[in-house]
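Reviewing the structure listed below.
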Amino acid sequence: MPNAEERAALAAANADEEAGADPRLRLLGTFVAQSLRPAAGAWERCAGTAEAEQLLQAFLRRAATEGPWPLLVVRPAPGGLVVLPVLANEKNRLDWPHMVYQDVRQQAHSLHCDLLVILEQVKGKTLLPLPAGSEEMEFADSKSETVLDSIDKSVIYAIESAVIKWSYQVQVVLKRESSQPLLQGENPTPKVELEFWKSRYEDLKFIYHQLRTIKVRGMARLLDKLQSSYFPAFKAMYREVVTGEDQQKFSQICLTQIIIER
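Put into structure tokens, the structure is as follows:
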């Protein structure tokens, strides 16, 4: 067993090694952990092999202007056009217990929604993923009271959970500050400020149009009819989006005018 001095020396050596590590590898590791969510230590073990290290270094040292290189295009089709329709067909799950079907359906839907959200984030937009069972809400405005009462309780729970998630997503957008580059030590130009407010306005407008779709309006009507405690939260979120969109548009107009006058 190493003594206290040896352990301290080993810790210092590890710290020096970590400090001297390529920051690009650390950034790549952080991105992999956030997007793929591998098991603890999996990335370190993979990146530590000689073969992986050679591939990573070749990738990092390659000039950005080299090419043409084939692009990896991620499409949501496998989950949305295969898995979910198969589950929706009752003939494919006649022998399934109800709880098994609910769990598999929820997992497939969650994976599909996560992929769609990431694809929109790449474009700088915030997607509000619809909950499982939202397809029943498309014609909710024309449904009778009896039909609404017969809706599965799991669908109601999924809608209420979606409201919580949407509220969090909206708050993330509203709390973004244009001063972030300054706090990071950068020197942004007025054009960067204008681009920030323009991007934020477009994002809020994208969210607003999602909240105005038939399915989401049907979900809101259902929450209102059931006197759900989440309906006030939905209304508050909607008002914040509308107010924020108007404010961002006004800020964008003012900044554009200032830049033109300069």
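Residue numbers (my numbering): 10 to 271. The beta carbon of each residue, even a glycine, is placed where N, CA and C say it ideally should be. This structure is a prediction, so every number in the text was calculated from the model and none was measured.
- Excluding the 5 residues flanking it on each side, tyrosine 217 has same chain C-beta neighbours closer than 8 Å at Val250, Val251, Glu254, in chain order.
- Put simply, the backbone Cα of arginine 54 is about 34 Å away from that of tyrosine 177.
- Secondary structure at proline 241: helix, using DSSP grouped into helix, strand and coil.
- Following the DSSP letters along the chain, one finds glycine 38 inside the alpha helix (DSSP H) bounded by residues 32-45.
- In the displayed model, aspartate 161 falls within coil according to three-state DSSP, outside both helix and strand.
- Sequence-distant partners of leucine 136 (beyond 5 residues in either direction) whose C-beta falls short of 6 Å from its own C-beta, in its chain, are Leu125, Val126, Glu129.
- DSSP places leucine 139 in the coil class of the three-state scheme, outside both helix and strand.
- Annotation for glutamine 219: the continuous alpha helix (DSSP H) segment containing it runs 199-220.
- Taking C-beta separations shorter than 6 Å and ignoring five residues to either side along the sequence, the partners of valine 164 in its chain run Gly142, following chain order.
- Here tyrosine 247 has Leu220 as same chain residues with Cβ atoms under 6 Å from its own Cβ, once five neighbours each way along the sequence are excluded.
- Exposure of glutamate 186 is indicated by the presence of fewer than 16 other C-beta atoms within 10 angstroms of its C-beta.
- Per DSSP, reduced to three states, the secondary structure at leucine 235 is coil, with no helix or strand assignment.
- Between the alpha carbons of alanine 61 and glutamine 43 lies a distance of about 20 Å.
- The closest CA to that of aspartate 161, considering only Asn101, Lys244, Gln111, is found on Gln111.
- The alpha-carbon of glycine 57 is positioned some 37 Å away from that of arginine 114.
- In the structure shown, aspartate 123 falls within a helical segment according to DSSP collapsed to helix, strand and coil.
- The beta carbon of tyrosine 210 sits closer than 7 Å to the beta carbons of Glu254, Gln257, Lys258, Gln261 from its chain, once the five residues preceding and following it are set aside; these are given in chain order.
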